[in-house]
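Colleague:
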Amino acid sequence: MDAGSGRSLPPLRRERLYESLVAHISDFIEAQGLVSGDRLPPERQLAAELGVSRATLSRALAALETRGRIEVRHGIGALVREPDVVPAPRGSGIEQQVADRAASAPAEVATAREAVLAGLARAAAVNPQASLRIAMLADDGRTRTFDHTWRCIRRLAGASLLADLDDMLAASTPAPADGPEVSARLDVLADAIVAGDPSAAATACDGLLG
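Under the working numbering, the residue at position 47 of the sequence shown is numbered 975, and the numbers go up by one with no gaps.
1) Is the region 1031-1041 close to the region 1105-1120, with three or more CB pairs under 8 Å?
2) What does a CB cutoff of less than 7 Å around Ser1088 pick up in its chain, not counting 5 residues either side in sequence?
3) From which residue to which residue does the alpha helix (DSSP H) around Arg1061 run?
4) Residues in its own chain within less than 6 Å of Val1051 by CB, not counting five upstream and five downstream?
5) So who's on the other strand from Ile998, going by DSSP bridges?
6) Where does the unbroken alpha helix (DSSP H) through Pro1102 begin, and where does it stop?
7) Taking Cβ to Cβ, would you say Ala1099 is nearer than 8 Å to Leu1048?
8) So Ser981 is in the alpha helix (DSSP H); what residue range does that whole segment cover?
9) Is Thr1101 buried or exposed, if buried means 16 or more other CB atoms sit within 10 Å of its CB?
10) Would you tell me roughly how many angstroms separate the C-alpha atoms of Asp1125 and Thr1077, rounded to the nearest one?
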């Protein structure tokens, strides 16, 4: 089944954005009766229907992939999978604490997220499939973007707990704006992971969020 034919998602209320986008897409999958192997609409179409940026959608799809709800295949798109685990309830106490702390001490939350990113980078660098590291992160001449690079790193890391922590912190910590400086940092990070150097990969995360 192809969910791009004759179906559309209702627009997402803007004030909820990232906190509800993952659940919104999950609810759509359930409501439409999509099963493992069915395809979601293309990212451009999804972003337009939901009224969100492609960067925000990319982050939500990465979270769904980490939880085993979808699988993103290059050249094909996002395919539905049966969930591995039941997602944690939204609005938990720790999430509210993080949101409160982000309001009063945003730099502290950014530092905490950088520590989580460093853990994911280390895990990605020790992925035993060197060919996969190369395929996903080797320099192909294109300018790197934060969201795409981190989606690849999270897939290589396979560390679901760290990815869940990243999702929680990301809700209160904006990603850095893409540009020459961020792209250069991502190049260093990607090169370290491709080379299988976990220490260098972790170090490359220092100051990545500004």
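Note that the Cβ used here is the ideal one computed from N, Cα and C, for glycine as well.
Modeller: So, from the listed chains and residues:
1) Output reads no: the region 1105-1120 does not touch the region 1031-1041.
2) Thr994
3) Boundaries of the alpha helix (DSSP H) harbouring Arg1061: Ala1058 to Leu1065, taken from the DSSP string.
4) This sequence places Ala at residue 1051; Val is not what is there. For Ala1051, where only same-chain residues beyond five positions count, the Cβ hits under 6 Å are Ala1085 and Ala1087.
5) Answer by DSSP bridge pairing, in chain order: Val1008.
6) Under the DSSP assignment, Pro1102 falls outside any alpha helix (DSSP H); it carries neither an H nor an E label.
7) No Cβ-Cβ contact shorter than 8 Å links Ala1099 with Leu1048.
8) Per DSSP, Ser981 belongs to no alpha helix (DSSP H) and is neither H nor E.
9) buried
10) 17 Å
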